[in-house]
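Working notes for the structure below.
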Amino acid sequence: MSANGSGSAENLVEIEHLTKHFAVKQGVFARGHAQVHAVEDVSFEVRRGETLGIVGESGCGKSTTARLMLRLLDLTAGTVRFDGRDISKLSQRKLRPIRREMQMIFQDPYASLNPRKTIGQIIGTPFAIHGVKGAKTRVQELLETVGLSPEHYNRYPHEFSGGQRQRIGVARALALSPKLIVCDEPVSALDVSIQAQVLNLLRTLQDDFNLTYVFITHDLSVLRQIADRIAVMYLGRLVEIGESEQIYEAPKHPYTAALLSAVPRAGIDPRERIMLIGDVPSPISPPPACVFHPRCPRFHKGHCDVVEPLLRELAPHQWAACHYPLERWPMSDAEIRQAEGARREDRPHLEGAAHEV
Ligand SMILES: Nc1ncnc2c1ncn2[C@@H]1O[C@H](COP(=O)(O)OP(=O)(O)OP(=O)(O)O)[C@@H](O)[C@H]1O
Ligand code: SF4
Ligand SMILES: [Mg+2]
Numbered sequence: 141m142s143a144n145g146s147g148s149a150e151n152l153v154e155i156e157h158l159t160k161h162f163a164v165k166q167g168v169f170a171r172g173h174a175q176v177h178a179v180e181d182v183s184f185e186v187r188r189g190e191t192l193g194i195v196g197e198s199g200c201g202k203s204t205t206a207r208l209m210l211r212l213l214d215l216t217a218g219t220v221r222f223d224g225r226d227i228s229k230l231s232q233r234k235l236r237p238i239r240r241e242m243q244m245i246f247q248d249p250y251a252s253l254n255p256r257k258t259i260g261q262i263i264g265t266p267f268a269i270h271g272v273k274g275a276k277t278r279v280q281e282l283l284e285t286v287g288l289s290p291e292h293y294n295r296y297p298h299e300f301s302g303g304q305r306q307r308i309g310v311a312r313a314l315a316l317s318p319k320l321i322v323c324d325e326p327v328s329a330l331d332v333s334i335q336a337q338v339l340n341l342l343r344t345l346q347d348d349f350n351l352t353y354v355f356i357t358h359d360l361s362v363l364r365q366i367a368d369r370i371a372v373m374y375l376g377r378l379v380e381i382g383e384s385e386q387i388y389e390a391p392k393h394p395y396t397a398a399l400l401s402a403v404p405r406a407g408i409d410p411r412e413r414i415m416l417i418g419d420v421p422s423p424i425s426p427p428p429a430c431v432f433h434p435r436c437p438r439f440h441k442g443h444c445d446v447v448e449p450l451l452r453e454l455a456p457h458q459w460a461a462c463h464y465p466l467e468r469w470p471m472s473d474a475e476i477r478q479a480e481g482a483r484r485e486d487r488p489h490l491e492g493a494a495h496e497v
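In our numbering, the protein residues as written are 141 to 497.
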C-alpha cells in the first residue's frame, strides 16, 4: 500500500517500503561497519502529469530516494514500480530502454555539464547512446524549446550564464522524450529572478510534453511555485504528504510546521517562529519510535519515544506520521509558548541547543 492508496493506472511511479542502508566505516581505527539509514520504509506514488515536491533538511534522504526511484542505486528493500512495471530488481541491461523515460536535472548546472564538450555534443549524447538518427536537427529544436538559440550548438558551457546552463540541462533531459524528470535542487544555485524563469520554463514544458516531475528542494517557498503535492522527509522517513494547499494552509506534522514557520512571510513576527531544539540526529543511530521526538515541540514522553507513529490519513489525501498532529495553523501564541517551553525537563540534554530549522 502506498501512502495515498493502492496501485492504479493514474500513477506513473509507485514506491513501497523503499529502504536504503549504506555501509560506512566508523572512525579511522574502527574495524566494523555501521549502517547509514538513508531511506527507511518510504512509500508514496507519483501521479501522471503532476509535480510532486520532496522537501526536508540536508541529509534527510531526498536525493537517495530519487536515485532509488530511477534505479541509479540498488535497493536495500522495497519496490519501485515505473509505468506499471516492477523495476526494483531489473538488471542494468533490462533497465536501459526504461532509462530513456526517466531523466534527472541536477543542482549545479556547471558541474553537470562536461566543460570540454560543445552544447551540441552534450545534448546530443543521449541520442548517440540510444542510436537515434538526425541528432543535430533534434538538438537545435531542443535549444529553441528551452529558450536558447540553435546557433549555440557549437559553444561550450563556460560561455553561458547559470540560468542558461540550467536550460541546457533541461534540454538534455528532454532529449529522449521522457515521461518522468527528477529535478534535484534545480534552481538552488540560481538568483531568485533566474529561478522564476527556469521554474516557468519547467511548467510550460510540463504542459507541452505531458511530463511528470519529482522536484526536490530544501526550500518550501520554491515548491509553492511549482508543486501539486508535497512529501516532507525527516531523517530518511516520509513524515507528511498531501496536496500543496493542505501542506501550506493546514500542516499536520510538527516538523512540517517548523519548516513552514522558517519561511519568511509578510506580516508575521519572526518571534512567532517555531524553534526546533537540537541538531538532526545521526542517521547511523536514529532515535527510537518517532525519529523526530528529540526535537519535537509536541513531544509526549512515554508515547512518542516508545511507539512509532505510522502514516495516517488525517484529512482527505493528507497523511502524516504523528501521534499528536496539529489541530490548527498557524498555532496560537499560547500554543507556541507552550511548545517552546514544552517539557524541557524531559530533555535536559538538549538545554541551550535551540536553533532554527
Ligand atoms: N554513498 C553514500 N554512502 C554513505 N552514506 C551516504 C551515501 N549517499 C548518501 N549517504 C547518506 O545518506 C543520507 C541521505 O543523503 P541524501 O543525499 O539522500 O540527502 P539529501 O536529503 O539529498 O540531502 P541534501 O539536501 O544535502 O542534498 C545522508 O546521511 C548521507 O550522508
Ligand atoms: S509523534 Fe510525538 S514526537 Fe513525533 S512528531 Fe508527533 S508529537 Fe512530535
Ligand atoms: Mg540531495
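Every residue, glycine too, gets a C-beta built ideally from N, C-alpha and C.
Work out the CA separation of residue j and residue i for me, nearest whole Å.
i, j, result
"R225", "I414", "43 Å"
"T191", "Q335", "17 Å"
"R240", "G418", "43 Å"
"E383", "F432", "22 Å"
"I387", "V447", "25 Å"
"A149", "L351", "15 Å"
"G376", "S228", "19 Å"
"P470", "V403", "13 Å"
"P456", "L360", "22 Å"
"E325", "A367", "13 Å"
"T277", "Q175", "48 Å"
"G274", "M209", "31 Å"
"V379", "R452", "10 Å"
"A398", "Q337", "28 Å"
"I194", "P237", "26 Å"
"H157", "G287", "40 Å"
"S333", "L345", "19 Å"
"P465", "C436", "11 Å"
"L230", "L152", "17 Å"
"H463", "P427", "16 Å"
"P449", "G271", "49 Å"
"Y395", "H173", "31 Å"
"A460", "E197", "17 Å"
"N254", "D248", "12 Å"
"G442", "R468", "24 Å"
"S425", "H292", "50 Å"
"R187", "E389", "22 Å"
"C430", "C444", "6 Å"
"I381", "P434", "22 Å"
"C200", "V327", "19 Å"
Does any heavy atom of ligand 5 sit closer than 7 Å to the C-beta of residue i?
i, result
"D324", "As far as ligands go, the structure on display features ligand 1, ligand 2 and ligand 3 and does not contain ligand 5."
Under 8 Å, do residue i and residue j count as touching if we go by C-beta distance?
i, j, result
"P372", "H358", "The sequence given here places Val at residue 372; Pro does not occur at that position. No, Cβ-Cβ distance for V372 and H358 is not below 8 Å."
"I308", "I259", "yes"
"Y250", "R295", "no"
"Y353", "L342", "yes"
"Q243", "P318", "yes"
"K160", "A178", "yes"
"V180", "E154", "Sequence inspection shows Glu at residue 180; the Val mentioned does not correspond to that position. Against a cut-off of 8 Å, the Cβ pair of E154 and E180 comes out as no contact."
"G302", "L330", "yes"
"A206", "V322", "yes"
"E284", "P290", "yes"
"L282", "L320", "no"
"P266", "L316", "yes"
"R312", "I263", "yes"
Give a single yes or no on whether residue i has its beta carbon closer than 7 Å to a heavy atom of ligand 2.
i, result
"F355", "no"
"P449", "yes"
"C444", "yes"
"R438", "yes"
"P421", "no"
"P394", "yes"
Got a sec: does ligand 1 put a non-hydrogen atom nearer than 7 Å to the Cβ of residue i?
i, result
"G196", "yes"
"V431", "no"
"C462", "no"
"I427", "The sequence shown places Pro at residue 427, rather than the Ile named in the question. Checking every heavy atom of ligand 1 against the Cβ of P427, none is found closer than 7 Å."
"V176", "yes"
"H173", "no"
"H358", "yes"
"G418", "no"
"G199", "yes"
"V286", "no"
"V84", "Within the shown structure, residues of the chain are numbered from 141 to 497, placing residue 84 beyond reach of any answer."
"V164", "yes"
So, under 8 Å CB-CB, residue i and residue j are touching, yes? Tell me the CB distance rounded to an integer number of Å.
i, j, result
"R211", "L235", "6 Å"
"V310", "I245", "6 Å"
Report yes if the C-beta of residue i is less than 7 Å from at least one heavy atom of ligand 3; otherwise report no.
i, result
"K229", "no"
"K160", "no"
"S203", "yes"
Is the segment 421-428 in contact with the segment 202-217, if contact means three or more CB pairs nearer than 8 Å?
no
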